[in-house]
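In our numbering, the protein residues as written are 4 to 568.
Encoded structure:
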């Protein structure tokens with residue numbers, strides 16, 4: 004018999020046997036348990052100390068105000084509108100309800116998510132590479148550094164990514180485990196479909212990519228198997244969980260909210276934004292091909308892509324490799340996560356460090372696959388691979404820590420950080436100075452503004468960025484826009500009906516104080532897009548004082564009336 008025929012026969016026999024074998028398990032020792040707990044603790048507290056450092060009000064007020072809106076009883080797509088679903092706000096409202104409305108509760112949200120995501124990364128790698136504890140711990144540490152600390156506080160995409168971590172960990176467990184019953188498998192996959200739907204309702208671009216990755220992993224796992232052993236029910240179960248959850252939310256909106264507002268702000272406005280970004284095709288392709296800001300990150304992720312290509316070539320060639328179910332899942336998952344992060348870059352017009360949450364899993368998968376499939380084919384000692392992985396891991400950890408720790412310093416030219424004597428904001432370390440455009444905001448100015456609003460004790464309207472002040476002062480946001488961002492939260496072409504709604508709500512809610520910012524991150528002419536609201540402010544309010552970049556206006560004394568009924 005020819006040698007190559009024998010090789011094919013052995014390879015086919017090997018694949019058939021490994022599909023049926025009981026996968027090796029890694030015994031969870033006390034030392035490993037302690038290591039995993041240590042990673043989770045590190046993930047929590049590193050995110051905490053990074054999230055404390057400085058405040059970028061334009062982005063970091065979004066989830067804070069959204070959570071406070073829900074806590075005070077406002078209904079999304081009825082009392083207020085946003086271009087995303089309510090899941091990030093709902094999660095933050097839960098933390099506010101349990102721990103009180105404060106910056107500490109805000110940090111608890113992001114830090115808890117960071118710790119759980121690190122444990123999910125450990126679970127994925129430990130399941131796919133049992134016995135290689137160092138890979139699992141490394142993936143957890145890198146996730147702890149690259150997932151949430153770069154932003155620090157709760158954010159929209161990060162909520163979707165967190166749900167993705169959870170769903171992928173469950174899917175990998177179900178696909179690899181041979182001891183889970185069929186009913187339990189279906190229930191877990193159903194839950195993953197629900198998690199993917201919630202990710203879409205957190206942020207559309209990230210959520211759709213997460214859902215596609217989860218679906219792709221389940222679908223590919225079926226395709227890897229022999230035709231007689233393919234369990235397509237898992238694909239259907241995932242789809243049921245996904246679409247049933249989305250349909251249930253739409254029915255809730257129809258019953259308790261406003262479907263037309265949901266259609267416009269959740270679908271039409273984001274679609275218009277996505278279309279405008281898609282038209283900048285050359286810019287998008289450049290961001291995809293040369294996306295990573297730091298050489299170490301670029302080397303790690305491009306290197307992982309090269310390893311995937313090499314492993315794919317080894318899979319296709321006639322080598323008698325032990326292609327077990329877990330190795331096939333690892334191979335597929337690496338491709339999916341590389342694709343998710345690459346596609347996030349042109350769709351999210353923000354810093355790249357916010358778009359690489361799965362870096363820890365990607366690097367661990369690539370080195371694990373290299374050890375299993377490339378080392379047997381090349382004359383490289385395992386020690387060399389271990390040294391490269393060690394250097395890469397330490398390098399990525401150092402770079403990630405440095406970027407997360409210093410991001411506020413670079414953005415605002417901050418020299419020192421200090422606490423503010425404000426109830427609800429005492430955990431925040433205000434950067435001195437915080438430079439936004441041409442203004443240098445000081446902590447004393449923030450204290451003066453909060454003291455003034457608290458002393459007035461009346462409904463107020465702050466425009467456009469510092470919406471976090473509503474929850475800190477204890478007054479609900481009196482108008483319908485969750486945050487002001489032309490082209491993102493409302494049409495850049497202008498919306499007269501929205502302008503009328505804002506002006507009407509300011510009257511109906513008896514607003515007595517207006518705070519206008521002269522340091523708005525997105526420009527000083529944003530109020531011009533709302534002529535009715537601008538005219539209302541000019542006619543019925545007068546300037547009483549300036550506090551740093553804030554102009555504080557009070558309603559004319561003869562017009563001080565209560566809320567309209």
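Each residue gets a CB set at the ideal place from its N, CA and C atoms; glycine is no exception.
Backbone CA spacing between residue i and residue j [nearest angstrom]
{"i": "residue 473", "j": "residue 423", "result": "17 Å"}
{"i": "residue 513", "j": "residue 504", "result": "14 Å"}
{"i": "residue 216", "j": "residue 297", "result": "26 Å"}
{"i": "residue 559", "j": "residue 211", "result": "49 Å"}
{"i": "residue 135", "j": "residue 58", "result": "40 Å"}
{"i": "residue 319", "j": "residue 278", "result": "38 Å"}
{"i": "residue 177", "j": "residue 250", "result": "26 Å"}
{"i": "residue 452", "j": "residue 550", "result": "7 Å"}
{"i": "residue 26", "j": "residue 133", "result": "Note that residue 26 has pLDDT 44, beneath the 50 cutoff, so the model's placement of it is unreliable and no number is given."}
{"i": "residue 521", "j": "residue 345", "result": "36 Å"}
{"i": "residue 208", "j": "residue 275", "result": "13 Å"}
{"i": "residue 260", "j": "residue 105", "result": "28 Å"}
{"i": "residue 189", "j": "residue 238", "result": "10 Å"}
{"i": "residue 436", "j": "residue 67", "result": "23 Å"}
{"i": "residue 341", "j": "residue 365", "result": "7 Å"}
{"i": "residue 270", "j": "residue 450", "result": "39 Å"}
{"i": "residue 528", "j": "residue 481", "result": "21 Å"}
{"i": "residue 8", "j": "residue 180", "result": "At residue 8, the pLDDT of 43 sits below 50, so the modelled position is not reliable; the number obtained from the coordinates is stated separately. If you take the alpha carbons of residue 8 and residue 180, they lie about 33 Å apart."}
{"i": "residue 431", "j": "residue 402", "result": "24 Å"}
{"i": "residue 143", "j": "residue 187", "result": "27 Å"}
{"i": "residue 148", "j": "residue 479", "result": "35 Å"}
{"i": "residue 82", "j": "residue 61", "result": "21 Å"}
{"i": "residue 523", "j": "residue 555", "result": "15 Å"}
{"i": "residue 368", "j": "residue 195", "result": "21 Å"}
{"i": "residue 433", "j": "residue 419", "result": "8 Å"}
{"i": "residue 438", "j": "residue 256", "result": "41 Å"}
{"i": "residue 337", "j": "residue 311", "result": "7 Å"}
{"i": "residue 280", "j": "residue 229", "result": "42 Å"}
{"i": "residue 165", "j": "residue 547", "result": "45 Å"}
{"i": "residue 362", "j": "residue 264", "result": "37 Å"}
{"i": "residue 500", "j": "residue 417", "result": "41 Å"}
{"i": "residue 407", "j": "residue 475", "result": "26 Å"}
For residue i, the residue or residues it bridges with in DSSP
{"i": "residue 3", "result": "The chain is shown from 4 up to 568; residue 3 falls before or after that span and cannot be answered."}
{"i": "residue 420", "result": "434"}
{"i": "residue 554", "result": "519 and 549"}
{"i": "residue 484", "result": "84"}
{"i": "residue 443", "result": "438"}
{"i": "residue 56", "result": "432"}
{"i": "residue 465", "result": "518"}
{"i": "residue 610", "result": "Since the displayed the chain opens at 4 and closes at 568, residue 610 lies outside it and no answer follows."}
Close beta carbons around residue i, own chain, < 7 Å, minus the five adjacent residues each side
{"i": "residue 90", "result": "162, 201, 204 and 205"}
{"i": "residue 375", "result": "330"}
{"i": "residue 102", "result": "108 and 111"}
{"i": "residue 34", "result": "none"}
{"i": "residue 387", "result": "none"}
{"i": "residue 404", "result": "148"}
Close-in-space but distant-in-sequence residues of the same chain around residue i (CB under 8 Å, 5 per side omitted)
{"i": "residue 193", "result": "240, 241, 243 and 244"}
{"i": "residue 24", "result": "Any answer about residue 24 is weak, because its pLDDT of 41 lies below 50 and its placement is not dependable; what the coordinates show is given next. Within the same chain, residue 24 has close Cβ partners 327."}
{"i": "residue 534", "result": "502"}
{"i": "residue 78", "result": "259 and 260"}
{"i": "residue 357", "result": "153, 154, 158, 160, 161 and 351"}
{"i": "residue 385", "result": "374 and 378"}
Neighbourhood of residue i by C-beta distance below 6 Å, restricted to the same chain and skipping five residues each side
{"i": "residue 150", "result": "117, 120 and 360"}
{"i": "residue 539", "result": "506"}
{"i": "residue 465", "result": "472 and 518"}
{"i": "residue 139", "result": "125, 128 and 129"}
{"i": "residue 65", "result": "486"}
{"i": "residue 233", "result": "225"}
{"i": "residue 530", "result": "537"}
{"i": "residue 236", "result": "none"}
C-beta neighbour in chain D for residue i, strict 8 Å
{"i": "residue 300", "result": "Looking for chain D here will not work: only one protein chain is present."}
Pairs of beta-carbons, one from the segment 169–187 and one from the segment 108–115, closer than 8 Å: are there three or more? no
Any beta strand (DSSP E) of 3 or more consecutive residues that is wholly inside the segment 61–119: none
Kindly confirm or deny that the segment 120–138 and the segment 80–94 touch, where touching means at least three C-beta pairs closer than 8 Å. Cβ pair count under 8 Å is below three, so no.
State whether the segment 221–230 contacts the segment 328–347, with contact taken as three or more CB pairs (one from each stretch) at a distance under 8 Å. yes
Does the pairing of the segment 378–397 with the segment 436–451 give three or more beta-carbon distances under 8 Å? no
Residue ranges of each alpha helix (DSSP H) within the segment 120–154, 4 or longer: 136–149
Do the segment 464–473 and the segment 42–56 touch if we need at least three Cβ pairs shorter than 8 Å? Judged by Cβ distances under 8 Å, the segment 464–473 makes no contact with the segment 42–56, as fewer than three pairs qualify.
Would you be able to state if there are at least three C-beta pairs under 8 Å between the segment 486–497 and the segment 91–102? no
At 4 residues or longer, and completely inside the segment 362–413: list those alpha helix (DSSP H) runs for me, N to C. Listed in chain order, the complete alpha helix (DSSP H) runs (minimum 4 residues) inside the segment 362–413 are 362–372.
Contiguous alpha helix (DSSP H) assignments of at least 4 residues, all confined to the segment 229–277: 236–259 and 262–265
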